[in-house]
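K.L.:
If you count by my numbering, then the sequence shown holds residues 32 to 161, one letter each, in order. Note that CB positions come from ideal geometry on N, CA and C, so glycine has one too.
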Amino acid sequence: MEQTCRHGWTSVVMRITLGFLFFYAAIGKLFMGKAPPIEKIITFMPKETSVMLLAIVELIIGLLLIFGLITKITAWASAVLFAIFMLSGLALGIFTQSGLVKDIPLLAMSLYFAFKGCTGFGLDCLIRKL
32 MEQTCRHGWT SVVMRITLGF LFFYAAIGKL FMGKAPPIEK IITFMPKETS
82 VMLLAIVELI IGLLLIFGLI TKITAWASAV LFAIFMLSGL ALGIFTQSGL
132 VKDIPLLAMS LYFAFKGCTG FGLDCLIRKL
């Protein structure tokens, strides 16, 4: 019983941390002008439009992870985003310079929630109990 409870709290902390990172990245793009070199990756769309769309997607993913709502689908979207970030960094040759190594454990966290879902203390669990 105690092991299950401890595992539940660890999962909550991981989920909220991952959600906060997405939320913070979105706020940085929307209000602080912190944009990656996205014009080199997405060439068919103006930079401002692609940064705005990326920020909105990150904001939605962050909020859904923080509240634990639609966790499996949100985590899959998160994992796809991390994979795209890392592959584009590799393609541009800036994987280590831009610090994309830190995204490997974040991708692992996303995959954990993609396969496991909300393990406790989230809106998914509350809805399931109703």
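(1) Please go through the same chain and pick out, in chain order, the residues whose beta-carbon is closer than 6 Å to the beta-carbon of Ala86, but skip the five residues on each side of it.
(2) Among the residues of its own chain, which have a CB less than 7 Å from the CB of Ile47, if the five just before and after it don't count?
(3) From which residue to which residue does the alpha helix (DSSP H) around Ile135 run?
(4) Are Ala114 and Leu138 close, meaning C-beta to C-beta below 8 Å?
(5) Going by DSSP in three states, Met63 sits in which element: helix, strand or coil?
(6) Go ahead and label Leu49 buried or exposed: buried means 16 or more other beta carbons lie within 10 angstroms of its beta carbon, across all protein chains shown.
(7) Do the CB positions of Glu89 and Phe51 come within less than 8 Å of each other?
(8) So which of Tyr55, Gly64, Gly120, Gly99 has the shortest CA-CA distance to Val44?
(9) On a CA-only basis, which of Cys149, Leu161, Leu157, Ile158 is nearest Gly39? Give me that one, please.
(10) Whole angstroms are fine: how far does the CA of Leu131 sit from the CA of Leu123?
P.N.:
Here's the rundown:
(1) Hits under 6 Å: Ala57, Lys60, Leu61.
(2) Ile97
(3) 134-147
(4) yes
(5) coil
(6) buried
(7) no
(8) Gly99
(9) Cys149
(10) 12 Å
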